[in-house]
Every structure is written in C-alpha cells, then in structure tokens.
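Participant: Each residue of the sequence shown is one higher than the one before, counting from 20 in my numbering. First the structure, then my questions, so here it is.
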Amino acid sequence: MSRAMGLIAGSLLLLDSAHAQQEPAKRIEFLHTDHLGNVRLVTDESGGVVSRHKFLPYGEEFESSPAGASSNT
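Here it is in structure tokens:
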C-alpha cells in the first residue's frame with residue numbers, strides 16, 4: 020500500500036520531502052464590456068492591457084490586438 024502525504028506552501032507542492040512540483044502561475048484577467056455585453060478590453064491584475072477587441076454589427080469580431088500592438092498604421 021502506497022500513501023503520499025503533502026503540504027501546500029505558497030505555490031510549491033511538497034511531497035514526501037524528496038519530490039517537489041511547481042504549480043502553474045495563476046493569472047487573473049478582467050473583462051471590460053460595452054453596453055451590448057461584448058468584451059472590448061482585457062486587463063491583468065495590475066491594470067495593464069492584455070488585449071483590445073472591436074466588433075462589427077451583429078457581433079462579428081472586426082479587430083483584435085494583443086497588448087502593446089497598435090492598430091494605427
């Protein structure tokens with residue numbers, strides 16, 4: 020019979036003192052919508068822009084740009 024015991028400390032999972040596994044970093048994103056409910060802006064927990072989105076009538080996505088990309092050419 021095998022029994023594993025562990026302890027979660029911060030983001031590190033310790034198992035039987037010899038093995039450690041790093042948990043994936045958790046990222047919180049906030050969705051900002053327009054008056055129709057379309058997601059227009061996505062920001063991270065520090066307020067930085069992750070992506071911007073523009074839509075055509077009837078909800079078709081017209082333009083999507085990642086953070087730092089400029090749509091002005």
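Just so you know, even glycine gets a beta-carbon here, dropped at the ideal spot from N, CA and C.
1. Does the distance from the C-beta atom of residue 61 to that of residue 50 stay below 8 Å?
2. Rounded to the nearest angstrom, how far is the Cβ of residue 57 from that of residue 74, given a contact under 8 Å?
3. Between which residues of its own chain and residue 83 is the CB-CB distance below 6 Å, once the five residues before and five after are set aside?
4. With DSSP as the reference, label residue 43 as helix, strand or coil.
5. Just the C-alpha distance for residue 30 and residue 43, rounded to the nearest angstrom, thanks.
Facilitator: The answer reads as follows:
1. yes
2. 5 Å
3. 72
4. Residue 43 falls in the coil class under three-state DSSP.
5. Bear in mind that a pLDDT of 44 at residue 30, under 50, signals an unreliable position, so the number given afterwards is only what the model happens to contain. Cα-Cα distance, rounded: 8 Å.
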